[in-house]
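Student:
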Amino acid sequence: MSTHETTEAAPEAGVLLAAGNAEVTVRPELGGRLGSLRIDGTELLRQGPRYGSFPMVPWCGRTANGVFRDGAERHELPLNSPPHAIHGTGRDQVWRTVRADGTAAVLTYDLGDPWPYTGRVTQLVELADDALTLKMGVETYGNSFPAQAGWHPWFLRHLAGGGNGADEGVRISFDAAWQEERGEDHLPTGRRTDPRPGPWDDCFGMPDGVDVTLTWPERLELRITSRAEWVVVYDEQDEAVCVEPQSGPPNGLNTAPRLVTPIDPLEISTTWRWRRL
1234 MSTHETTEAA PEAGVLLAAG NAEVTVRPEL GGRLGSLRID GTELLRQGPR YGSFPMVPWC
1294 GRTANGVFRD GAERHELPLN SPPHAIHGTG RDQVWRTVRA DGTAAVLTYD LGDPWPYTGR
1354 VTQLVELADD ALTLKMGVET YGNSFPAQAG WHPWFLRHLA GGGNGADEGV RISFDAAWQE
1414 ERGEDHLPTG RRTDPRPGPW DDCFGMPDGV DVTLTWPERL ELRITSRAEW VVVYDEQDEA
1474 VCVEPQSGPP NGLNTAPRLV TPIDPLEIST TWRWRRL
């Protein structure tokens, strides 16, 4: 996928945030992602330029065949996961650091080609000694448009320096109201079912807000919450698991469009709170 042109002279280096025994590295030059989250020196996120935790914007998950409609207008997106377009364009952009003060950073980038509308995305990363809060806003510079936003973290299944109960890997616990039935094309069929046992690459509905707990036995508990009503849980890989709070379901540009207007930006937030076991 091509990278939106920018007037920045060079990519910005990572921004280090620290609070208590927690450290976060933010990578504006790698799609505004979190490159690292360390608690007591232990890394929680899978490493590598495709991993960490990246913002999904201006859409989340797969958009069917890379096509969405806004009224009578038909738009085509790059097929970066053929036959679909996946996870937005924000992760491929160079973001700008507007502010960084040691425990918080604000990043932005301007929407544009290959997204067919202009606007701005702003992300706040705020670290405390027992929690990380992420906030994202999408605003338009002109015309209204449908959009989605969320985060795609890759949490390590096994933490380094394991032992005792650590070998069994992370446990995922949540209580969803429903599960979106997934078709062979990995898109929701439009039917809702009772939540089923994993492994998952599935979207769940939580009308009272996302609430998922990851537990590394005898090491750490991490609770992911959000006022958003949708979460995708992915645990089909040996190395990592994903818990993705998002503002709408996969293919939501077509099935559940949320308009960004000049007086009503799209806003979403999530908090990750941890405690040592």
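Using our numbering, the letters of the sequence shown map in sequence onto residues 1234 to 1510.
Glycine included, C-beta positions come from ideal geometry on N, C-alpha and C.
Identify, in the order they occur along the chain, each residue of the same chain with its Cβ nearer than 6 Å to the Cβ of residue 1500, setting aside the five sequence neighbours on each side.
Tutor: Working through the sequence shown from its first residue, we reach residue 1500 at position 267. Correct list, in chain order: 1370.
Student: If we count Cβ pairs, one from each stretch, closer than 8 Å, do we get three or more for the segment 1256 to 1263 versus the segment 1374 to 1385?
Tutor: Flag = no, the segment 1256 to 1263 and the segment 1374 to 1385 do not touch.
Student: With which residues is residue 1352 paired in a DSSP beta bridge?
Tutor: Here residue 1352 refers to the residue found at position 119 when the sequence shown is read from its first residue. Note: residue 1352 sits in a beta bridge opposite 1344, 1373.
Student: Within 10 Å of its beta-carbon, does residue 1291 have 16 or more other beta-carbons around it, so buried, or fewer, so exposed?
Tutor: Position 58 of the sequence shown holds residue 1291. Buried is the call here.
Student: Report buried or exposed for residue 1432, applying the criterion of at least 16 other Cβ atoms within 10 angstroms of its Cβ.
Tutor: Here residue 1432 refers to the residue found at position 199 when the sequence shown is read from its first residue. So residue 1432 ends up on the exposed side.
Student: Please work out which residues of its chain come closer than 6 Å, Cβ to Cβ, to residue 1293, disregarding the five sequence neighbours upstream and downstream, and give them in chain order.
Tutor: To locate residue 1293, count along the sequence shown from 1; it is residue 60. These residues qualify, in order along the chain: 1381, 1383, 1479.
Student: How far does the beta strand (DSSP E) with residue 1488 in it extend, from its first residue to its last?
Tutor: Along the sequence shown, read from residue 1 onward, the residue named residue 1488 stands at position 255. Element bounds for residue 1488: not the beta strand (DSSP E) but the alpha helix (DSSP H), 1485 to 1488.
Student: If we ignore side chains and look at the alpha-carbon of each, how far apart do residue 1354 and residue 1417 end up?
Tutor: For the purposes of this step, residue 1354 is taken as residue 121 along the sequence shown, with counting starting at 1. For the purposes of this step, residue 1417 is taken as residue 184 along the sequence shown, with counting starting at 1. Going by the C-alpha atoms only, they are around 33 Å apart.
Student: Taking Cβ to Cβ, would you say residue 1421 is nearer than 8 Å to residue 1482?
Tutor: Counting from one through the sequence shown, the residue named residue 1421 turns up at place 188. Counting from one through the sequence shown, the residue named residue 1482 turns up at place 249. Contact: yes.
Student: Would DSSP call residue 1398 helix, strand or coil?
Tutor: Position 165 of the sequence shown holds residue 1398. Since pLDDT at residue 1398 reaches only 49, below the 50 mark, its modelled position is unreliable, and no value is offered.
Student: What residues in its chain sit with their C-beta under 6 Å from that of residue 1448, if we drop five residues either side in the sequence?
Tutor: Mapped onto the sequence shown, residue 1448 falls at position 215. Correct list, in chain order: 1404, 1454.
Student: To the nearest angstrom, report how far apart residue 1194 and residue 1318 are at their CA atoms.
Tutor: Outside the shown range of the chain (1234 to 1510) lies residue 1194, about which nothing can therefore be said.
Student: Indicate the three-state DSSP secondary structure (helix, strand or coil) for residue 1288 in the structure shown.
Tutor: Position 55 of the sequence shown, counting from 1, holds the residue named residue 1288. Three-state DSSP puts residue 1288 in a strand.
Student: Near residue 1341, what residues of its chain come up, given a Cβ to Cβ distance below 8 Å and the 5 sequence neighbours on each side ignored?
Tutor: Taking the first residue of the sequence shown as position 1, residue 1341 is located at position 108. Only 1328, 1329, 1331, 1353, 1354, 1355, 1356 meet the Cβ criterion.
Student: Closest by CA to residue 1351, which one among 1375, 1248, 1307?
Tutor: As a position in the sequence shown, residue 1351 is number 118, starting the count at 1. Here the closest residue by C-alpha is 1375.
Student: Ignore the nearest five residues each way along the sequence and tell me which others in residue 1316's own chain have a CB closer than 6 Å to its CB.
Tutor: In the sequence shown, residue 1316 corresponds to position 83, counting from 1. Counting only Cβ-Cβ distances below 6 Å, and skipping sequence neighbours, we find 1298.
Student: Would you say residue 1364 and residue 1248 are within 8 Å of each other, going by their C-beta atoms?
Tutor: For this step, residue 1364 is matched to residue 131 along the sequence shown. For this step, residue 1248 is matched to residue 15 along the sequence shown. For residue 1364 and residue 1248, no; Cβs fall outside 8 Å.
Student: Which same chain residues end up closer than 7 Å to residue 1390 when comparing Cβ atoms and leaving out the 5 residues on each side of it in sequence?
Tutor: Translated into the one-based positions of the sequence shown, residue 1390 becomes position 157. So the qualifying residues of the chain are 1402, 1403, 1471, 1472, 1473, 1474.
Student: Give the list of continuous beta strand (DSSP E) stretches no shorter than 3 residues that lie fully inside the segment 1251 to 1312.
Tutor: The segment 1251 to 1312 contains these whole beta strand (DSSP E) runs: 1255 to 1260, 1266 to 1272, 1286 to 1289, 1300 to 1303, 1306 to 1309.
Student: Can you name the start and end residues of the beta strand (DSSP E) that residue 1479 belongs to?
Tutor: For the purposes of this step, residue 1479 is taken as the residue at position 246 of the sequence shown. Unbroken beta strand (DSSP E) run through residue 1479: 1473 to 1479.
Student: Can you look up residue 1325 in the DSSP assignment and give me helix, strand or coil?
Tutor: Here residue 1325 is taken as the residue at index 92 of the sequence shown, counted from 1. Note: residue 1325 maps to helix in three-state DSSP.
Student: Hey, how far is the Cα of residue 1302 from the Cα of residue 1484?
Tutor: One-based indexing of the sequence shown puts residue 1302 at position 69. One-based indexing of the sequence shown puts residue 1484 at position 251. Spanning the two alpha carbons is a distance of roughly 11 Å.
Student: Relative to the alpha-carbon of residue 1388, which residue among 1269, 1252, 1251, 1486 has its alpha-carbon at the smallest distance?
Tutor: Numbered from 1 along the sequence shown, position 155 holds the residue referred to as residue 1388. Per the Cα distances, 1269.
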